[in-house]
Structures are given as C-alpha cells and as structure tokens.
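See below for the structure under consideration.
Number of protein chains: 2
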Amino acid sequence: MPLAKSMEVSEYVKLLSKKMDDKSLTIGVVGLGYVGLPTALAFHKSSFNVWGIDKSEDVINSLKNNKSHLFEGDNILIPNDSRWNITTSYENSIPNCDVVLICVPTPVDRNHMPDISMIRQSFKSISNTIINSQRITIILESTVQPGMTNLCLNEIISKKPALSNMINIAYCPERVSPGEINHGVSQVARVIGSNDLILTNLLAKLYKNITSGEIMAVSSIEVAEASKLVENTQRDIDIAFVNELSILMPKIGIDVEEVLSAADTKWNFHRHTPGIGVGGHCIPIDPHYYIQMAIKNNVISSLSPAARKLNSSMPNYVAGEIMDFCGPVSSKILVLGYSYKPNIGDSRETPIKYLIEILINGGHDVVLWDPLVKKEEIPKNFNVLESPYEVNDLDCVVLATAHDQILGINWESIKKNMHNPKIYDGRRCLDISTMVESGWSMRAIGLPLK
Amino acid sequence: MPLAKSMEVSEYVKLLSKKMDDKSLTIGVVGLGYVGLPTALAFHKSSFNVWGIDKSEDVINSLKNNKSHLFEGDNILIPNDSRWNITTSYENSIPNCDVVLICVPTPVDRNHMPDISMIRQSFKSISNTIINSQRITIILESTVQPGMTNLCLNEIISKKPALSNMINIAYCPERVSPGEINHGVSQVARVIGSNDLILTNLLAKLYKNITSGEIMAVSSIEVAEASKLVENTQRDIDIAFVNELSILMPKIGIDVEEVLSAADTKWNFHRHTPGIGVGGHCIPIDPHYYIQMAIKNNVISSLSPAARKLNSSMPNYVAGEIMDFCGPVSSKILVLGYSYKPNIGDSRETPIKYLIEILINGGHDVVLWDPLVKKEEIPKNFNVLESPYEVNDLDCVVLATAHDQILGINWESIKKNMHNPKIYDGRRCLDISTMVESGWSMRAIGLPLK
Chain A
1 MPLAKSMEVS
11 EYVKLLSKKM
21 DDKSLTIGVV
31 GLGYVGLPTA
41 LAFHKSSFNV
51 WGIDKSEDVI
61 NSLKNNKSHL
71 FEGDNILIPN
81 DSRWNITTSY
91 ENSIPNCDVV
101 LICVPTPVDR
111 NHMPDISMIR
121 QSFKSISNTI
131 INSQRITIIL
141 ESTVQPGMTN
151 LCLNEIISKK
161 PALSNMINIA
171 YCPERVSPGE
181 INHGVSQVAR
191 VIGSNDLILT
201 NLLAKLYKNI
211 TSGEIMAVSS
221 IEVAEASKLV
231 ENTQRDIDIA
241 FVNELSILMP
251 KIGIDVEEVL
261 SAADTKWNFH
271 RHTPGIGVGG
281 HCIPIDPHYY
291 IQMAIKNNVI
301 SSLSPAARKL
311 NSSMPNYVAG
321 EIMDFCGPVS
331 SKILVLGYSY
341 KPNIGDSRET
351 PIKYLIEILI
361 NGGHDVVLWD
371 PLVKKEEIPK
381 NFNVLESPYE
391 VNDLDCVVLA
401 TAHDQILGIN
411 WESIKKNMHN
421 PKIYDGRRCL
431 DISTMVESGW
441 SMRAIGLPLK
Chain B
451 MPLAKSMEVS
461 EYVKLLSKKM
471 DDKSLTIGVV
481 GLGYVGLPTA
491 LAFHKSSFNV
501 WGIDKSEDVI
511 NSLKNNKSHL
521 FEGDNILIPN
531 DSRWNITTSY
541 ENSIPNCDVV
551 LICVPTPVDR
561 NHMPDISMIR
571 QSFKSISNTI
581 INSQRITIIL
591 ESTVQPGMTN
601 LCLNEIISKK
611 PALSNMINIA
621 YCPERVSPGE
631 INHGVSQVAR
641 VIGSNDLILT
651 NLLAKLYKNI
661 TSGEIMAVSS
671 IEVAEASKLV
681 ENTQRDIDIA
691 FVNELSILMP
701 KIGIDVEEVL
711 SAADTKWNFH
721 RHTPGIGVGG
731 HCIPIDPHYY
741 IQMAIKNNVI
751 SSLSPAARKL
761 NSSMPNYVAG
771 EIMDFCGPVS
781 SKILVLGYSY
791 KPNIGDSRET
801 PIKYLIEILI
811 NGGHDVVLWD
821 PLVKKEEIPK
831 NFNVLESPYE
841 VNDLDCVVLA
851 TAHDQILGIN
861 WESIKKNMHN
871 PKIYDGRRCL
881 DISTMVESGW
891 SMRAIGLPLK
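The following block contains the structure:
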C-alpha cells in the first residue's frame, strides 16, 4: 500500500525505510531505454516490486515477449513474475509506486538548446495520476541544468498545490556507459541529492541495493545536477585536446599516438585516443547544457564551446583526409562501423553519420557495414551491406568503429577486390606495419604522411 | 679520456656503453637549478664523474661551500670528492665530458613568445670549448618546441661543420615537480629520443641509473619534445576548467568543491582544485610554446589560449572577490603565502605577485608573510613580515599558499588583533565550519555567499 501523504518528512522516511528493508517497496521507472531498463531490472533483481513505464507500445510489447529492444539486448533476461510489471499507462502504474525514477532522454534541439520536454511530460503525467492517498518520491536520473529538477516540481505544484505534500524529489544522475561491462548500473558509483538530507541518506541506501559502487549523498539536488554536467564537459574538453593534437602533430611529422603514449608515462597525464569524433547520449549533448548554464549566469566559458566545436568538426576533418587519400576522382569507399563506440549497436549522435554524408556530398560512392547497428537506425539513403566482403571495385576502406568483428575482418579477402588497396584507420586500432607489409596503402588519424 | 670523433654511431655507442658500465663516464650538467642540480647529484650518486656548470658565480660559490642555493636546499647534501666538480667555466669542464645535459630555463618574453636564448648560448659555449679529439652527446632537458633541439645543433654545425662528427644530440624532457617528494629526479618516468635509435636505447639505460621510473625510448627527438608540451598544456587546460567552475558554481549557489568531489566518484573524472592561479616554471609557460607551435602550423588552437587566459585571470578574479569582501574602504590585508605551491619556497611565476599588485593598486595596505620564500625573491615594494602575528589593525586575511606552516597558524592570535575578523581562503584548505564557529567571517574561492 502506498504511503499516506500527510506525514512529516522524517516520519515518511521512517516508513519508506521500513518498506525498503522488508522489500515491500514498489519502484516505478519511467523510460525503459539504456538507463531505465537496466535500472528497473536491477531493482527487480534486488527483490523490489517494479513498474516499468514507457510511452512506446513497441518497447512494451517487446518486453512483454521477454525480449529487450536494446542493442545489447541478447544478454538481458526479462523477468516473468508478479514483481515485474510493464505498461504504457501511468494510470495503471503510478498509484502503486512509492518511488518513481525518471530516466527519459534530455537532448538538445537544432540550436543546441536543452530540451527537457520529456522530463516535463513525465512530471505532468505523474502528477495527473498520483492518487490522493499517495505519497511518492520522484528521482530524476536524466541530465539537466542545476535547478531544473526543483523547477519541474514547482511547475506541477503551482498548478496543483496539494501535490506539495504528496511528492518529494531527488536527483541521481545516471552514469551508464553503454557497452562498458564494468561501468553498468550494477557497478558505477552514484551521486544523489534531495531537498532533505534524511531522505537523501535513505535514497542513497536504496541505490546501494543495485550497485557495488560508492553512493555519495550530496547537500542539494543542484550539486548532484551540476556534477553530471561537469563530468561530461570535462571529458569532452579532454577528448577535444587529443583531437586537436591529431590534426597538429602530423603537420610537424609526428605520430600523435606516439606522443600521447610518451606523455602518458607522466603520473598525472590523462590518456585519450583521437578519433572521428564523439557520440552517444552524453558527451556531445551535456556540454551544451553546461554552456547554456554559463551563458545564463554571465560567465565567459570558452573551453567547452571550443571543445564542442573541435569535436563536432572531426567528421569533417577526417572526411577531408579520406578524400585527399582517394584523390580527385569519385571513389567507392567502404566504411566499416557506424556506432559511436566499439562493440555496441548504439548509433545515437554517431559522428560516422556526418562522415558518410560529407563523403557522399563530395561525390563518393559510400557503402557501409556494421555488424551491430540495426538497419532501421541507419539513414535510408545510406547503402548498407550485409557483409563487408560482398562489394567489388572498392577504392578505399575506412575503419570507423573498432568493433571486434571489424578488427577480425579478413583483410586479404577485401584487398583481393581492390586494384590499389587503400585503408584509412579512423580509430588507430590497426597495426600499421602489418597492413603496409601485406600491401595496403595506409593512412590514419594523427599519423603523418611518409 | 673522451671518446674519439671519427667513429660510426654504432661503434661510438659501444664505447659509450662500456664507459657507462664501468662508470668511467663523465657527465656534464649545464645549469644547476631545480632540474640540473638534482640531476647532477643523482648521476654522482650513481658513481659517475660529474661536472656541474653554471654561469652564476653565486651558485658555484654556494655549492663550493657545500650549500645548495635551492629553496629546498636544506636536505640536499653536496658531495666533496674527486667525481664532483663544479665550475662557471665551459673550458675547464666540457673537454672532460662524454655526455652533457643542458638544463637551462626556457621562459617566454613579454609577448609570451618562446625564449630559447639560454639553450642557444649553451650550445654555442659547448661548441666553442669541445676539443678536436672529442666526441660528446648533448642531451637537452629544457622544454622546447618540436624541432628546436635539432635546430640548435644545426645552427652550430652550420658555423663549424666539423662538429657534425663530434656531437650527437638527444632530448629527454625534465619532469621535476618542485616540492613533490615522490616526483623527483629519482622517481619520475622519462621519455627520451635522439636521431639514432641505438643511441636512444643506450641513453635510456643511462637514465635508468638515476630513476626508479620507466624510461620510454621514442622514435625521434621531436616526439620527445612534443610529449612535454602536450603534458603541461593538458594540465593547464584541466586546471582552467575547474577555475572556470570556481567562478560559475557560486553564481548558482553551489560550492565548487562539493561538485568536484561528487564528480570525482566517476571512474574517469580528473580531480583538480581551483585556486588563485597556476605558477612555477612549467604550467604557465609551456602552453605558450604549444600555442606558438599551433600558430606556426596553421592549426586553430582554441583550448589552450582559452585556458591560459582563464588561469592567468584568476589573480584578478580573486582580488575582486577580496575587495568585495573588504568593502569600499581601504583595508589592511594580510596575505599568507607567496610561492605558487605548498611547502616550497619557489616563487617563479607565482600568481600571488599579481594578486598583491592588484590589491595594492586597489588602494589596500597589503602585508605578506611566507615562511619559505627568501625575501630577495619578493618585490621590494611589498611589505614582508617576519611573523604573521606581528601586525595590528588587520581587516582581512588571505590564505594564498597552503604551506603546512600557514595551515598551522594560531588563528586565535591573529583574530585577537582584528575588529571584524575576515578570512578569504584562496586554496580551499581551511575547514569552513570550524573557522565560522570560532568567529571568523569567511569567504573562499568557489564558495557561494550565504
């Protein structure tokens, strides 16, 4: 039975704590994507009652058939018991919940402005379906600017003041790193803040049920919100610097990878590998939330805008390198890999999309192979292959994503069909001397021309 | 006896190797400062013959009296045997040497342009004093742009072509971190490159005599040169980002230190602490070498210039914060600490100098105490105290360098002499609640106003 609304926070926390201890707590998860689904599964595994809510009928149908819709879905077991409930309906689910996690995307629009409409919609749907006898805690996990979680709550309270005694809020930024088996929901350290320190400490304990990582309870929601932006903005800046080096070092005849490996022998250096650009749901997006926060507060931020500009220009730079490699003729180019990161089928914000577009606009005939990305995730005008070996008269191969299946390609089989075999390594994962010795003409990002 | 000049590199390396193995090798070190002196001492400790060369009579006289002129000198034992020779004279020293390390400063001029005049002078002095029967290897340790080591050699060879058979060169960037006991000459990993891989490998073995760290032999001098610039430019950028956060976070009511500690629970976050700015012989200078290299090669570098601008503006920002704290009256301000880093007396490029100048220009009466910096290192117009307790009618205290002796100050004794005790923590090293409870009005970098 949900908790009554009229009590003090300390009393509420005591009851919540009791439900947590005897596992009678019911947890709702709004948004069953990369973050929400593994989180819902983790709480279910920890013996809690779980309601998963997603607006997509397809997602719910897939899960009802015990199939995950995620790219990594093959290894995900969907439960089939009374503690596991999934639905598109807030009405059916919210009234059963004690704690509701919101795990919906927070993208940017075409002008790189934060778009938190999905969070607003989730708050609205919860506020419309919460029942009068109920008291819930909403924990937002999506990336937002500091102050936004409280703003979303205040927006619904201003329309329905009674909610102020029915809803507590907290913020616990997700840190899922798709495809990184050691940095999933069950391993990562978490940061959590709410408007009440007793509640924060209890919720920290709640998350301890699903992760072996540290849980840091911070003094406010805003600190937790800021920490997420700071993490990913730093990462974008660090990667931008090595990408800049990948452009500069070859100009002075130096291989960027050798320089970075040398620098990495210093105790406080942070090694990153340059590439075709950053992708995914965090690094290309969260810095825009940071930049807008700085602008709103009249702080001149120049590092993050410079990093964004540099990282988002990398597909353009690499396309230029490839076109220079191919020469002033229309070439047939095989691009290997489409997702933004090795060994996952996640193509959100993938820089390879822009790389291919620029090559096509440059008059080249591009064929693409990615063993992990679903065909429907790839633009319809891209020529997608079933196998990397099925294409003839190739002029150039571009290694764009370092999937194991791509590294394991039989290069001889591909080379056989090429008159003048050329390969461009956009991820610095091929052994250059091996490729050159076996007859490839090779270029790579950050590598000087001979 | 020095090695003859006419042999092949491989033959030369063999002989050098023999001398290295039987410790008959003689090593010259040009420039006996923070880098050169500990390096010379380390090679002496490893049983090599050492000639230390410095243009300063004072330095040589001090060392001849078995005293180090360095700020950390108290713990340095100066040898007193036949393997240890120090002189201002190249004529007396170079003809005895097999290997000569150049460890002179490479500053920037007023326009932030690289100034390698001291390296050029060292090369010139060596080339003027090398004797005809001699063959030496010069190893440059000072920070330079890629290509500069070879350029310096070529400059002397163009004037005296015979030197091309008498001098080999290598580059092994110093990584001494003053005051950091675990990152001294005897511990740090090193990177080394020369124009000949056999020689590089031998010199790597030579350095292995003085450090427990890894020695990475790289494929060229230029890679080694670039690695040093890349290391320190990255560090400047990383520190700039947290300094930017220390300005932005208080504007949204958040303590930057709490945000950074929260972000630091993420596996790939790099924690830095904001402050009054960066100092020392590397971080404020080396990025200018990097920026000029980028400009010369037509690469748009925006990260490093943004970082430089931000870090060098920090004294200005902090001075503004302090003046706001003091209010619109001329105040008496005690600045604690002058060196750029805790627990050393090194004041090179210290941001505290600019902080004090701005406060003085703002009409304030500034008194300064630093237990480690020698008085002659401090501008004459600064009012330097012998003790932090000897001043009355103070309005504000500024903690500028976190020396242990400053953290151990008896704050009660200082507070007694203040009507309205105010303290500004420019290094985030004081416990805020303790200070506030004991009656201080407190502000700190990155901390929001109450």
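Residue numbers (our numbering), protein chains in the order written: chain A, 1 to 450; chain B, 451 to 900. Ideal Cβ placement from N, Cα and C applies to all residues, glycine included. What you are looking at is a predicted structure, and each value in this text was computed from that prediction instead of being measured.
Classify leucine 229 of chain A: buried if its beta carbon has 16 or more other beta carbons within 10 angstroms, exposed otherwise. Start at 1 with the first residue of the first sequence, and residue 229 of chain A comes out as number 229. Under this definition leucine 229 of chain A is a buried residue.
Assuming proline 623 of chain B and valine 641 of chain B make a contact with CB atoms under 8 Å, what is their CB distance in whole Å? Numbered from its first residue, the second sequence carries residue 623 of chain B at position 173. Numbered from its first residue, the second sequence carries residue 641 of chain B at position 191. Sure, about 6 Å apart at Cβ, within 8 Å.
For glutamine 234 of chain A, which residues in chain B fall below 7 Å Cβ to Cβ? As a working note, residue 234 of chain A is residue 234 in the first sequence. Those are Phe691, Phe719 and His720, listed as they occur along chain B.
Using a Cβ-Cβ cut-off of less than 7 Å, list which residues of the segment 659-678 of chain B approach chain A; keep chain order. Of all residues in the segment 659-678 of chain B, Glu664, Met666, Val668, Ser669, Glu672, Val673, Ala674, Ala676 and Ser677 have a Cβ within less than 7 Å of some Cβ in chain A.
Checking the sheet assignment: what are the DSSP bridge partners for alanine 894 of chain B? Residue numbering aside, residue 894 of chain B sits at position 444 when the second sequence is read from its first letter. The partner list for alanine 894 of chain B (beta bridge, DSSP) reads B/Asp875.
Strictly below 9 Å CB to CB, what residues from chain B border methionine 314 of chain A? Here the question's residue 314 of chain A lines up with position 314 in the first sequence. Those do not exist, as methionine 314 of chain A stays about 13 Å from chain B at its closest Cβ, beyond 9 Å.
In the structure shown, what three-state DSSP assignment does serine 837 of chain B receive? If you number the second sequence from 1, residue 837 of chain B lands on position 387. Three-state result, serine 837 of chain B: coil.
How long is the line joining the alpha carbons of aspartate 705 of chain B and proline 596 of chain B, rounded to whole angstroms? Position 255 of the second sequence holds residue 705 of chain B. Position 146 of the second sequence holds residue 596 of chain B. If I take the Cα positions, the gap works out to 41 Å.
Using the Cβ count rule (16 or more neighbours within 10 Å means buried), how would you classify arginine 235 of chain A? Within the first sequence, residue 235 of chain A is the residue found at index 235, counting from 1. It is buried - the Cβ of arginine 235 of chain A has at least 16 other Cβ atoms within 10 Å.
Among A/Ser46, A/Ala444 and A/Asn361, which residue has its Cα nearest to the Cα of lysine 205 of chain A? Translated into positions along the first sequence, residue 205 of chain A becomes position 205. For lysine 205 of chain A, the closest C-alpha among the options A/Ser46, A/Ala444 and A/Asn361 is that of A/Ser46.
Which term fits aspartate 286 of chain A, buried or exposed, when burial requires 16 or more other beta carbons within 10 angstroms of its beta carbon? If you number the first sequence from 1, residue 286 of chain A lands on position 286. With 16 or more other Cβ atoms within 10 Å, it is buried.
Alanine 402 of chain A burial status per 10 Å Cβ neighbour count (16 or more: buried): Numbered from its first residue, the first sequence carries residue 402 of chain A at position 402. It counts as buried.
What residue does the alpha helix (DSSP H) around tyrosine 354 of chain A start on, and which one ends it? In the first sequence, the residue the question calls residue 354 of chain A occupies position 354. Counting along the chain, the alpha helix (DSSP H) containing tyrosine 354 of chain A begins and ends at 351-361.
Does any residue of chain A have a CB that is nearer than 9 Å to the CB of serine 592 of chain B? By 1-based counting over the second sequence, the position of residue 592 of chain B is 142. Not an interface residue.
Which same chain residues end up closer than 7 Å to serine 433 of chain A when comparing Cβ atoms and leaving out the 5 residues on each side of it in sequence? Start at 1 with the first residue of the first sequence, and residue 433 of chain A comes out as number 433. Same-chain partners within the cutoff: there are none.
Cβ of proline 452 of chain B within 9 Å of any chain A Cβ: Reading the second sequence from its first residue, position 2 is the one you call residue 452 of chain B. With a pLDDT of only 46 at proline 452 of chain B, under 50, the local geometry of the prediction cannot be trusted, and no value is derived from it.
For the pair the segment 315-333 of chain A and the segment 372-384 of chain A, tell me if three or more CB-CB distances fall below 8 Å. The segment 315-333 of chain A vs the segment 372-384 of chain A: no contact.
Boundaries of the alpha helix (DSSP H) in which valine 706 of chain B is found, first to last residue: Within the second sequence, the letter at position 256 stands for residue 706 of chain B. Per DSSP, valine 706 of chain B is one residue of the alpha helix (DSSP H) stretching across 706-713.
Inter-residue spacing [alpha-carbon to alpha-carbon] between serine 24 of chain A and asparagine 860 of chain B: Start at 1 with the first residue of the first sequence, and residue 24 of chain A comes out as number 24. Start at 1 with the first residue of the second sequence, and residue 860 of chain B comes out as number 410. Rounded to whole angstroms, the separation of the alpha carbons of asparagine 860 of chain B and serine 24 of chain A is 55 Å.
Any idea if glutamate 862 of chain B is buried or exposed, counting beta-carbon neighbours within 10 angstroms, 16 or more meaning buried? Along the second sequence, read from residue 1 onward, the residue named residue 862 of chain B stands at position 412. The residue in question, glutamate 862 of chain B, is exposed, as its Cβ has fewer than 16 Cβ neighbours within 10 Å.
Min CB distance aspartate 238 of chain A to chain E below 9 Å: Among the protein chains of the structure shown, namely A and B, there is no chain E.
Given a cut-off of 9 Å, decide if isoleucine 671 of chain B and alanine 620 of chain B are closer than it, judged by their beta-carbon atoms. One-based indexing of the second sequence puts residue 620 of chain B at position 170. One-based indexing of the second sequence puts residue 671 of chain B at position 221. Yes, the pair counts as a contact, with Cβ atoms nearer than the cut-off.
Contact with chain B by serine 301 of chain A, beta-carbon distance below 9 Å: As a first step, residue 301 of chain A is located in the first sequence; it is residue number 301 there, counting from the start. Yes - at least one Cβ of chain B is within 9 Å of the one on serine 301 of chain A.
Contact the segment 695-713 of chain B vs the segment 305-317 of chain A: 3+ CB pairs below 8 Å: Judged by Cβ distances under 8 Å, the segment 695-713 of chain B makes no contact with the segment 305-317 of chain A, as fewer than three pairs qualify.
Same chain, Cβ closer than 8 Å to proline 555 of chain B, neighbours up to 5 away in sequence not counted: The residue you call residue 555 of chain B lines up with position 105 of the second sequence. Contacts found: Gly481, Gly483, Met568, Ser592 and His731.
On a Cα-Cα basis, can you pick out the residue from B/Leu897, B/Met773, B/Asp815 and B/Ile566 that is closest to leucine 695 of chain B? Translated into positions along the second sequence, residue 695 of chain B becomes position 245. Closest option to leucine 695 of chain B, Cα to Cα, is B/Leu897.
Isoleucine 300 of chain A versus leucine 151 of chain A - alpha carbon distance: To locate residue 300 of chain A, count along the first sequence from 1; it is residue 300. To locate residue 151 of chain A, count along the first sequence from 1; it is residue 151. Rounded to whole angstroms, isoleucine 300 of chain A to leucine 151 of chain A spans 25 Å at the Cα level.
Nearest-angstrom Cα separation, counted from alanine 294 of chain A out to proline 778 of chain B: Counting from 1 along the second sequence, the entry for residue 778 of chain B is found at position 328. Counting from 1 along the first sequence, the entry for residue 294 of chain A is found at position 294. The C-alpha of alanine 294 of chain A is placed about 28 Å away from the C-alpha of proline 778 of chain B.
For serine 763 of chain B, report the span of its beta strand (DSSP E) as first-last. What you label residue 763 of chain B is simply residue 313 of the second sequence in a count that begins at 1. Serine 763 of chain B -> not in any beta strand (DSSP E); alpha helix (DSSP H) instead, spanning 753-776.
When burial is assigned at 16 or more other CB atoms within 10 Å of the CB, is arginine 798 of chain B buried or exposed? As a position in the second sequence, residue 798 of chain B is number 348, starting the count at 1. Counting Cβ neighbours within 10 Å, arginine 798 of chain B comes out buried, since at least 16 surround it.
What ranges does the beta strand (DSSP E) occupy inside the segment 594-636 of chain B, keeping only unbroken runs of at least 3 residues that lie completely in it? The segment 594-636 of chain B contains these whole beta strand (DSSP E) runs: 617-621.
6 Å CB neighbourhood of glutamate 8 of chain A in its chain, flanking five on each side removed: Start at 1 with the first residue of the first sequence, and residue 8 of chain A comes out as number 8. If you ignore the 5 residues before and after glutamate 8 of chain A, its C-beta comes within less than 6 Å of no other C-beta in its own chain.
Minimum Cβ-Cβ distance from lysine 464 of chain B to chain A less than 9 Å: The residue labelled residue 464 of chain B in the question sits at position 14 within the second sequence. So, not an interface residue.
Secondary structure of threonine 579 of chain B, DSSP reduced to three states: Within the second sequence, numbered from 1, the residue matching residue 579 of chain B stands at position 129. Helix, per DSSP.
Runs of 4 residues minimum, wholly inside the segment 644-694 of chain B: which ones carry the alpha helix (DSSP H) assignment? Whole alpha helix (DSSP H) segments, 4+ residues: 647-658.
Inspect the beta-carbon positions of isoleucine 589 of chain B and serine 543 of chain B and report whether they are closer than 9 Å. As a position in the second sequence, residue 589 of chain B is number 139, starting the count at 1. As a position in the second sequence, residue 543 of chain B is number 93, starting the count at 1. Contact flag unset, no.
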